[in-house]
Every structure is written in C-alpha cells, then in structure tokens.
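There are 2 protein chains.
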Amino acid sequence: MKKQVKKKTSAKIPVGIVHVAKKAGVSPATVSRVLNDNPTVDPKIREIVKAAIAELNYRPHFAARNLPKGQTGNLALVTARSSPVIFANPFFSKVFEGIGSVLDESPFNLMLSLTPSQMRRLMDSRTVDGIILIAVRENDPYLEEVEEMELPSVVIGAYRRISQMTVFCPDYEGGVASAVKFLAGIGHRRIGLLDGPPDSYKSGEDRRGFEEAIRQLDLEEVGSLTAEEFLERDGFLAFCSHFSEGKPLPTAYVVSSDHLAIGLLKATGDFGIKVPEDLSIVGFGDIPIAEHLQPPLTSIHGDLVEMGAEAARTLIQMVEGRKKIIKRVVYPMQVVERGTTAPPKA
Amino acid sequence: MKKQVKKKTSAKIPVGIVHVAKKAGVSPATVSRVLNDNPTVDPKIREIVKAAIAELNYRPHFAARNLPKGQTGNLALVTARSSPVIFANPFFSKVFEGIGSVLDESPFNLMLSLTPSQMRRLMDSRTVDGIILIAVRENDPYLEEVEEMELPSVVIGAYRRISQMTVFCPDYEGGVASAVKFLAGIGHRRIGLLDGPPDSYKSGEDRRGFEEAIRQLDLEEVGSLTAEEFLERDGFLAFCSHFSEGKPLPTAYVVSSDHLAIGLLKATGDFGIKVPEDLSIVGFGDIPIAEHLQPPLTSIHGDLVEMGAEAARTLIQMVEGRKKIIKRVVYPMQVVERGTTAPPKA
DNA sequence: TTGTATGCGTTATCAA
DNA sequence: TTGATAACGCATACAA
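Just so you know, the sequences run in chain order P and X.
Following my numbering, the numbering of the first sequence begins with 260 at its first residue and continues without gaps.
Following my numbering, the numbering of the second sequence begins with 260 at its first residue and continues without gaps.
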C-alpha cells in the first residue's frame with residue numbers, strides 16, 4: 260500500500276547506519292552496538308560491521324546520536340566581555356590551552372559564546388550539556404539565571420567567595436600580597452595599588468590581598484588608583500589624572516594587570532619619572548611581552564594551563580556523572596623579579 | 260494493544276512541542292508553524308499558541324529542530340595554531356569581534372576547534388554546516404581534506420593565491436610595501452625585512468610586497484631576517500643571532516608583526532643600538548600595546564573587525580543558499596607613524 | 001488554514 | 001547474541 264517513489268538525486272547520498280547494516284547483513288541495532296563498543300556482540304560480526312563501516316566511510320551523525328540520549332555532547336565556553344578584554348589577554352590563552360587539551364581527549368565539542376544573547380540561546384535551546392563561564396563580572400545580567408539553572412557549570416576566574424558555583428581561580432589575593440611583601444622586603448614603605456574596575460571580582464581580590472599585606476607589614480596607607488578597565492590606556496589615564504592633580508606618589512605600585520602596568524609605564528615615562536629609580540612597578544599576569552619591555556617588567560606569574568584543564572575536567576565529571584560538584588580551587592601566583600623594581604631612593 | 264506504562268519520574272520533565280500543542284488545543288504541526296513564523300497560520304491561533312509557549316516556558320530543542328532539515332545550525336571556527344600564537348594576538352580578537360557580531364544576528368551557533376583532532380571530529384560527525392579556517396599554514400595536515408570537502412568553508416588570513424577557497428585577508432603585501440615606501444620617503448635606502456616563518460602564507464605575502472617595493476624604488480638589497488614564529492622571543496633571537504655574527508645592519512627594518520618588533524626592540528636596546536636614531540622600526544598589526552611602548556611603535560594598521568564579519572556573512576550565505584561563493588577579499592592596511600621611525604643618521 | 005503521517009539518524013527496550 | 005520497534009523532538013509533504 261505504500262507508494263515509495265524514491266527520487267534518486269545525483270547528489271551525494273549521506274550514508275547512515277542503515278546502509279552499513281544492509282552492507283554487513285545485520286540489523287541497524289547491531290551496527291549501533293559495535294559503534295558503542297557494546298560487548299554483547301559476536302567478535303566475528305563486529306569485524307564484519309567494522310569492515311562495512313570502513314568501506315562505506317561511514318561517520319555517525321553527532322547530533323542524531325545524542326538525541327535519544329537526552330544529551331548534546333557539547334560544552335560551552337561563555338563570556339560577555341568584549342574580545343579585546345578577553346582574547347587579547349594572554350592570560351586566557353593559557354586557559355584555552357588547558358581546556359583544549361582536555362576536550363581533545365574527551366568526546367565533547369566546544370561551543371563558543373561571545374555575547375549574552377548567544378549564551379542565552381545556547382542555554383535555552385538545550386544545545387550544550389555544560390557551561391564554562393569565564394571573565395565574569397558582578398553585574399553580568401545572566402549570572403543569576405545560570406546559578407539557578409539545572410545545567411552543570413563552572414566558572415574560571417574570580418567570583419564571589421560565597422556561592423553554589425564551582426570556581427577555578429588564580430590566587431589574586433595571595434599574588435598581590437606577595438608582591439607587597441616583596442616590595443617591602445627591598446625597602447619600600449609607601450606602596451600603592453593600581454587596581455581594575457570595581458565590578459570585577461578580581462579587583463576585590465586584589466584589594467583584599469593588598470590591604471591585608473599592608474596591615475600585616477604595618478606599612479603606610481597611601482591610597483590607591485582605580486582604572487576603568489584592565490587595558491593599557493586605562494593604566495595610562497589613571498596615572499595621568501592622579502599625577503596631574505598633584506597628588507603625592509608612592510615609591511612603588513602593585514598593578515593588577517600587565518597591560519595596565521604598560522600604560523602606567525608609558526605615563527611615567529611621559530612625565531619624566533624614572534622606573535625603577537623613582538618608582539617601582541610590579542605587574543600581574545606575566546604576559547610574554549613583560550620580559551621584553553624596556554626595562555623588563557617585574558610581574559606576578561602563575562601557570563594557568565592546568566587551571567583551564569582542571570575546570571574542563573570537573574565540568575565533564577559533572578555532566579557525565581550527573582552530579583553536582585561544588586568547590587573552589589585556587590592556583591598559586593608568585594613574583595618574578597625583573598627590571599622595574601628596585602629599592603627606593605632614600 | 261499498546262502497553263504504555265509511563266514512569267512518572269519526579270525529575271524535571273522537559274516540555275516539548277506536543278505539550279504546547281495539547282495546552283493550546285492544536286496539533287504539533289501548528290505549533291511548529293508558529294515557531295517557524297509560517298504565515299499560513301490563523302492570527303488568533305498563533306496568539307493562543309504563543310501564550311501556551313510562554314506559559315509552559317517552552318524552548319525548542321536546537322538539535323532536534325535541525326535534524327529533519329539535514330542541517331545542524333552550527334558553524335565552526337577552526338585553527339591548529341597553539342593558543343599563544345592565536346589568542347594572544349590582538350589581531351584575532353578583532354576578527355572574533357566581527358564574527359561574534361554577525362553570529363549574534365544570525366541563528367547560527369559557533370563551535371570552536373583548537374586542534375586538528377577536534378576539527379576532524381567536527382567535520383566527520385556532521386556537527387557543523389560550515390567552517391571558518393583561521394591562521395592557516397602551508398603544511399597544515401587537514402587542508403586538502405577541507406578543500407575537497409563538500410562542506411562550505413572560508414579562510415581568514417593569508418592563503419595560497421590560487422585555490423578554490425574563499426579567503427578574507429589583510430593586505431599584507433600592500434601593507435609591507437607601503438611601509439617600505441614610507442621609510443624610503445624619509446630618506447632610508449638600506450631597508451631590511453624581519454619576516455615570520457616560511458610556512459606561514461603571511462610571510463610569503465610580506466616578502467612579495469617587500470621585494471616588489473624595493474625593486475620599484477630601486478633600493479639596495481640588504482637581505483632579510485627570518486623568525487621562527489611571530490612572537491617576541493623570536494624577534495629577539497633573530498636579531499641577536501644576526502647581530503652577533505657581525506653582519507651589517509640596515510638603517511630600518513620592516514617587521515611582520517608587532518610582537519616580533521617588540522622582541523627586536525628589546526634586542527637592539529640590549530646591544531645599545533638606539534631607536535629610531537640608529538635604526539628605524541615599523542611593526543605590523545598595530546596592537547594596542549604599540550602606542551604605549553617607549554618609544555611608541557610605528558606600525559601598519561588595519562581595521563579587521565569588518566573582515567571577520569564579512570567572512571562570517573559570506574559563510575552563512577553559502578550554507579543558507581547552498582551555493583559556492585569563491586572570492587578573495589583583501590583589506591587595506593596603512594602605516595601609523597609613531598616614535599620608532601626617523602630619517603637615517605647621515 | 002489545519003491535522004495526519006512520515007522521516008531525520010541514532011539509541012534503547014523488549015522479545016526472540 | 002540479535003532483531004524489530006518504539007522513542008528522541010521536531011519539520012514537512014500531503015491530505016483534509
């Protein structure tokens with residue numbers, strides 16, 4: 260009764276599991292079983308099927324495969340920061356490296372979302388099994404949604420200390436504190452902080468580490484500067500406006516990003532302030548350019564490839580194990596001494 | 260005869276198109292139609308359905324939706340370069356910005372592949388409808404596969420001049436040539452090139468532009484340097500080994516990346532060579548740091564956000580229109596004069 | 001204009 | 001150990 264008029268188009272016919280089954284003389288179910296390494300299949304049959312697969316150059320359809328499973332096989336890397344802030348920052352390239360290496364070993368694909376609207380789409384349309392949030396800020400509009408969501412997620416980078424989220428984070432607090440201690444160790448008593456924007460959780464951590472160290476060492480409080488963003492021009496601007504108002508200078512600055520430090524360096528140069536003679540500077544992140552600057556920038560370094568990798572691993576555990584893992588992992592940072600730091604003049 | 264024993268688990272029940280249909284008192288087909296803005300649906304019914312959708316907070320399943328269409332709704336951004344080379348390079352952040360903005364307006368999601376194996380997976384498993392190749396190199400193993408593939412694809416960045424691929428590319432050749440002309444214009448006769456690795460198509464373009472300009476202007480041929488990669492340390496090393504061999508120096512260098520130029524700058528500083536008094540330097544790419552260097556780096560600038568955007572747009576046209584578009588679009592670059600260039604000494 | 005039925009490519013449940 | 005057959009969530013040709 261069925262009228263099956265198959266239009267045999269000359270176009271490339273996508274080979275599916277049924278073709279393989281036919282060719283191997285078995286049922287689609289059996290093909291599916293060898294595809295999934297199901298042990299309940301006769302070794303001989305298995306070989307026959309594998310041969311058919313190879314001969315037809317058959318490749319399983321990823322999405323179709325996951326449909327019955329109620330999964331997608333995709334993970335998302337999500338941020339709402341503009342690309343200059345995130346991609347131009349070598350910090351993240353390390354993180355990506357770690358994530359990439361883990362995903363390479365896993366069966367998961369990676370989706371990328373550069374804007375809140377893209378991200379919402381990913382979440383809403385059940386396109387991903389889990390989410391890696393990166394470069395989160397306090398007022399990011401989607402934050403609550405994600406936390407309340409059932410979708411497994413981890414955040415990389417600073418986040419609020421108390422939450423139900425799993426976070427992997429450089430030790431901003433400890434890193435800045437050790438920079439202060441380093442500077443104090445070579446004689447500085449008046450140390451300032453050039454910090455990033457207040458809505459960045461990182462800024463909060465920086466400040467916490469800074470103030471705690473100042474207190475512990477019983478150093479003078481000289482106030483601190485705040486940049487609008489973490490980029491060069493923001494460091495430049497922050498110092499310029501501070502200096503042009505005739506405010507007093509510390510003998511050293513701890514700066515919360517190398518990019519910021521480069522801007523500050525430029526500003527001091529323009530004003531004829533000598534680094535490190537008149538002013539010492541410690542950056543944060545130790546970007547590749549740091550050591551090639553003139554003078555080379557003293558900075559706070561951490562190996563963050565593992566951080567990205569561990570975040571990815573944990574997320575995968577969460578989605579595969581269908582269990583929630585809540586923890587906060589902090590990665591150590593340490594001062595790399597170079598040419599922008601020296602004992603204060605007098 | 261059907262034995263339907265629905266296990267009513269207490270877990271969250273994913274709401275599907277059938278639930279909406281039931282709630283609205285229509286068939287699933289009709290719901291599907293309003294989802295796809297099919298005009299052949301009664302306005303009143305449309306409202307009812309929309310209300311049901313809202314009430315149930317229904318979200319269409321992305322993959323399931325595309326399965327019948329024979330599509331995936333995903334595009335891939337692919338590279339085999341290591342993350343430091345690609346992500347740490349502000350050049351790419353511009354490109355990403357363009358791509359992101361276009362995808363935001365489109366219904367497509369973006370997948371990211373950082374390694375050849377991930378990429379192969381994406382292609383094989385029919386997970387994406389199109390591919391954006393970026394930072395391609397001559398011996399990249401997957402290149403032939405992609406070109407022979409039926410999957411729509413575009414490449415961003417230099418590629419071989421003759422091919423069936425659609426490519427969007429900065430005008431490396433013209434940019435370098437204009438830098439040579441600029442230097443000649445302020446009096447330089449002995450101009451050198453510090454180029455990137457030979458397997459980069461960009462290097463070929465640079466060289467082409469350089470040599471052509473030298474010939475046109477009838478300038479002296481002083482040979483050129485080759486760096487192993489486009490990063491700071493490679494520029495540093497290239498100059499060091501050249502200089503320590505006591506070879507003669509030109510009065511100016513055109514350098515094929517700002518990162519390379521920063522390394523070179525560092526090396527000259529270490530050797531006591533004054534820039535721009537003893538040696539002029541022109542970088543390429545005009546990264547944000549360039550103008551904050553001391554002295555600020557003269558560089559070759561181009562606005563490449565549009566390049567990324569146009570590449571994405573074209574790819575989308577290809578997959579939506581199921582047609583092949585072959586073209587080669589080149590984006591203009593121009594010299595931004597800053598502090599590392601000056602007339603030669605004598 | 002709407003509903004029915006079928007198919008998309010695979011997994012999974014149940015018999016055999 | 002294997003094979004029908006029913007999902008998975010949706011789109012669409014065809015019928016009504």
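Backbone N, C-alpha and C define an ideal beta-carbon position, used for all residues, glycine too.
Within a Cβ cutoff of 7 angstroms, which residues of the same chain sit near Phe367(X), ignoring the five residues on either side of it in sequence? Gly332, Asn333, Leu334 and Ile575
Applying the criterion that 16 or more other CB atoms from any shown protein chain within 10 Å of the CB defines a buried residue, is Ser269(P) buried or exposed? Reliability fails at Ser269(P), whose pLDDT of 36 lies under 50, so the model's placement of it is uncertain and the value that follows must be treated cautiously. Burial call: exposed.
Would you kindly report the start and end of the unbroken beta strand (DSSP E) that includes Pro429(P)? Thr425 to Pro429
Does the CB of Asn297(P) have a neighbour CB from chain X at under 8 angstroms? no
Measure the alpha-carbon distance for Ile390(X) versus Glu569(P) and round it to whole angstroms. 28 angstroms
Is it the case that the Cβ atoms of Val233(P) and Pro411(P) are separated by a distance below 8 angstroms? Nothing can be reported for residue 233(P), as the shown portion of chain P is limited to 260 through 605.
Residues of chain P with a CB under 7 angstroms from the CB of Gln576(X): which are they? Ordered by position in chain P, no residue passes the 7 angstroms Cβ test against Gln576(X), which lies about 20 angstroms from the chain.
For Ser462(X), which residues in the same chain have their Cβ closer than 7 angstroms to its Cβ, ignoring the five residues on either side in sequence? Asp454, Gly455, Pro456 and Ser515
Can you check whether the C-beta of Ser384(P) is within less than 8 angstroms of a C-beta belonging to chain X? yes
What span of residues does the beta strand (DSSP E) with Arg587(X) cover, start to end? It spans Arg587 to Tyr590 - the beta strand (DSSP E) in which Arg587(X) sits, taken as one unbroken run.
How about Gly522(P): is its C-beta nearer than 8 angstroms to some C-beta of chain X? Yes, contact with chain X.
Can you grab the Cα-Cα spacing for the pair Arg474(P) / Val513(P), in whole Å? 15 angstroms
Three-pair Cβ contact test at 8 angstroms for the region 344 to 356 of chain X versus the region 294 to 314 of chain X: no
Can you give the Cα-Cα distance for Lys261(X) and Lys309(P), rounded to whole angstroms? Per-residue confidence for Lys261(X) stands at a pLDDT of 33, beneath the threshold of 50, marking its modelled position as unreliable; no derived number is given.
Closer than 8 angstroms, CB to CB, is Ile312(P) near chain X or not? No, because no Cβ of chain X sits closer than 8 angstroms to the Cβ of Ile312(P).
Just checking, does the region 434 to 451 of chain X make contact with the region 474 to 485 of chain X on the three C-beta pairs under 8 angstroms criterion? yes
Hey, is Pro547(X)'s beta-carbon within less than 8 angstroms of any beta-carbon in chain P? yes
Could you tell me whether the Cβ of Ser376(X) comes closer than 8 angstroms to any Cβ of chain P? It does; some Cβ of chain P falls within 8 angstroms.
Based on the DSSP secondary-structure assignment, which residues constitute the bridge partners of Ser360(X)? Ser360(X) is not bridged to any residue.
Taking only beta carbons into account, state which residues of the region 490 to 516 of chain P come closer than 9 angstroms to chain X, listed in chain order. Leu490, Glu491, Arg492, Gly494 and Phe495
How many angstroms separate the CA atom of Gln377(P) from the CA atom of Asn325(P)? 22 angstroms
8 angstroms CB neighbourhood of Arg597(X) in its chain, flanking five on each side removed: Ala549, Glu550, Pro554, Pro555, Leu556, Thr557 and Ser558, listed in sequence order.
Could you list the residues in the region 532 to 558 of chain X with a C-beta less than 7 angstroms from some C-beta on chain P, going in chain order? Listed in chain order, the positions of the region 532 to 558 of chain X with a beta carbon within less than 7 angstroms of a beta carbon of chain P are Pro547, Ile548, His551 and Gln553.
Threshold first: 3 residues or longer. Then list the beta strand (DSSP E) segments lying entirely within the region 321 to 353 of chain X, N to C. Residue ranges of uninterrupted beta strand (DSSP E) with 3 or more members, entirely inside the region 321 to 353 of chain X and ordered along the chain, are 333 to 337.
Length at least 3, wholly inside the region 403 to 450 of chain P: the beta strand (DSSP E) runs in chain order: 412 to 415 and 425 to 429, all fully within the region 403 to 450 of chain P.
Could you check the C-alpha separation between Leu519(X) and Lys282(P) for me, to the nearest Å? 56 angstroms
Let me know if Lys586(P) comes out buried or exposed under the rule of 16 or more other beta-carbons within 10 Å of its beta-carbon. When all chains shown are included, Lys586(P) counts as exposed.
Positions along the region 350 to 365 of chain X whose CB lies within less than 7 angstroms of some CB in chain P: Phe351, Ser352, Phe355, Glu356, Gly359, Leu362 and Asp363
Examine chain X for any beta-carbon lying closer than 8 angstroms to the beta-carbon of Met408(P), and answer yes or no. No, no contact with chain X.
For a quick check, are the C-beta atoms of Ala601(P) and Pro535(P) less than 8 angstroms apart? yes
Under 8 angstroms between C-beta atoms, does Ala323(X) make it to chain P? yes
Please work out which residues of its chain come closer than 6 angstroms, Cβ to Cβ, to His501(X), disregarding the five sequence neighbours upstream and downstream, and give them in chain order. Leu484
Any chain X beta carbon closer than 8 angstroms to His278(P): no
Contact under 8 angstroms by Cβ, Tyr431(X) with Gly482(X): no
What's the C-alpha gap between Pro429(P) and Glu565(P)? 11 angstroms
Considering only C-alpha positions, which residue in the set Glu407(X), Gly416(X), Pro287(X) and Ser384(X) is nearest to Val589(X)? Gly416(X)
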